[in-house]
Each structure stands twice: as structure tokens, then as C-alpha cells.
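Numbering (this note's numbering), first residue to last: 595 to 782. These notes are about the structure you will find just below.
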Amino acid sequence: MFTQQPSITVSGADVDSVEEGDGGEIEVTWEKFEFSEILVGSLESPEAVVFIHYDSFEGGSVDNGAAVAVALERLKELDLKKTLLAFTAPDEPSHEEPYWGFGFRFFEKEFKDVLESADVIVTFDSVGLSSPLALRDKKSLEDLLPLEDKGLLEKAVGVTSDWDKLFEIYHSDLDTPDKVDYSKTVEA
595 MFTQQPSITV SGADVDSVEE GDGGEIEVTW EKFEFSEILV GSLESPEAVV
645 FIHYDSFEGG SVDNGAAVAV ALERLKELDL KKTLLAFTAP DEPSHEEPYW
695 GFGFRFFEKE FKDVLESADV IVTFDSVGLS SPLALRDKKS LEDLLPLEDK
745 GLLEKAVGVT SDWDKLFEIY HSDLDTPDKV DYSKTVEA
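Structural data, given as C-alpha cells:
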């Protein structure tokens, strides 16, 4: 049976052990935490809002150190009078559905007018593992950009890597710098 929460992440190497298990108990304690959104650029009707998703349960090189590195490199090329970079959207579980991407929804509540006025909304998540994928389909965008106002997804694009490869290392200590193909980050 699928439940929205609570959930745990198990590395691919440990899946067989968990499946062969014979039961057990788990205690979940919800904790509050603070996170920071770092905003660079214009809040006054930017043409583009670019989310740079960051988090790090473990490793974090692909998800999402590489995206942060790409954004920092591109800063010198961007017209910050027309662009807003939002370093935000940690995946730490929340009590909301979906349980991930709370930072996106927090930003949306605080700056909905900015999102509505933008011509395009872009999110970078887990780049550098494969050639970048530019996703515009609704299902992928709902996963990459879990906003309350689904209408905003009509002007959104998600830039990411091959998800099959990603989920081999996703939120685990296997997400290390050697997994990043730096030539692929240049393409992003």
C-alpha cells in the first residue's frame, strides 16, 4: 500500500535486504528546521524565474550541487534586471502533499505575483548525470516543480538528468562528485 508519508529512502544496494525483511517497527519523529532561500536578481516583474533546487540528505553532488555550480557560473551571463534566481526548494519532508519540494511552495506563497508575471519559470534539478533533459510535460513538472497553482506549470520547463540513472544514487551516500559528468553540466 502506498502512503504519502512518512517515507524513507533506501539506497539501491540495500533494496533486496529490505524486501527480504520479515517486518519491524519504525518510529518517526517530525522535526522543525529552518532553511534559507537565496534570491539573486530582480523581484520586480522578472521575465524569467529560475529555481535552483538544492538539498543534501547525503552526498548531494548530482542532487543538487551540480545545479548550484551551473547557476553560479551562469550568473555572469544573465541580465539580473530581467531574471530572478531562487536558490530554494529543499526536499526535506513536510506534512503537506506532496511531501517534497516544500521550498517551492513556500516561495510561491511569498512571491506568487512574481511567478505570475514571469514569462517563463525554469527549475534545475539533478543535472550533470546525463545529457540534460528539458521537460515540459505536466507529470514531470508536477514532480520537479510541485507548486500549488498547477496553471503556472504551463510556462515552466524542468532541466534535469536521466531519472533512471538518478534513482540509482538519489538521496544516498552514493551521490558523490565522481558521479557528475562535468561536460554534461556545461550543456545544462
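Ideal placement from N, C-alpha and C gives every residue a C-beta, glycine not left out. The structure displayed is predicted, hence computed values, not measured ones.
{"Check": "Any idea if phenylalanine 779 is buried or exposed, counting beta-carbon neighbours within 10 angstroms, 16 or more meaning buried?", "Outcome": "First, the residue type needs correcting, since residue 779 is threonine and not phenylalanine in the sequence shown. Threonine 779 is buried by the Cβ-count criterion."}
{"Check": "Distance, Cα to Cα, arginine 668 vs isoleucine 646?", "Outcome": "12 Å"}
{"Check": "So is histidine 765 buried or exposed if we call it buried at 16+ other beta carbons inside 10 Å?", "Outcome": "buried"}
{"Check": "Identify the continuous beta strand (DSSP E) that holds leucine 727 and give its terminal residues.", "Outcome": "727–729"}
{"Check": "In the segment 653–727, which residue ranges form an unbroken alpha helix (DSSP H) of at least 4 residues, counting only runs that do not cross its ends?", "Outcome": "660–668 and 696–711"}
{"Check": "Taking 8 Å as the cut-off, does the segment 662–681 touch the segment 734–752 (at least 3 CB pairs, one atom from each stretch)?", "Outcome": "no"}
{"Check": "Using a Cβ-Cβ cutoff of less than 8 Å, which residues in the same chain neighbour leucine 637 once the five nearest sequence positions on both sides are dropped?", "Outcome": "Leu678, Phe705 and Val708"}
{"Check": "Using the rule of at least 16 other Cβ atoms within 10 Å of the residue's Cβ for burial, across every protein chain shown, is serine 755 buried or exposed?", "Outcome": "buried"}
{"Check": "Cβ atoms of phenylalanine 681 and valine 716: under 9 Å apart, would you say?", "Outcome": "no"}
{"Check": "Express the C-alpha separation of arginine 730 and serine 752 in angstroms, rounding to a whole number.", "Outcome": "The amino acid at residue 752 is misidentified as serine; the sequence shows glycine. Those two C-alpha atoms are separated by around 7 Å."}
{"Check": "Is the segment 604–615 in contact with the segment 760–776, if contact means three or more CB pairs nearer than 8 Å?", "Outcome": "yes"}
{"Check": "On the criterion of 16 or more Cβ atoms from any shown chain inside 10 Å, does leucine 760 qualify as buried, or is it exposed?", "Outcome": "buried"}
{"Check": "Using alpha carbons as the reference points, say which of Asp616, Gly697 and Ala712 lies closest to serine 639.", "Outcome": "Ala712"}
{"Check": "Across the segment 696–703 and the segment 608–621, are there enough close Cβ pairs to call them in contact, namely three or more that are closer than 8 Å?", "Outcome": "no"}
{"Check": "Below 7 Å CB to CB, which residues in the same chain sit around isoleucine 632 once its five sequence neighbours on both sides are set aside?", "Outcome": "Phe681"}
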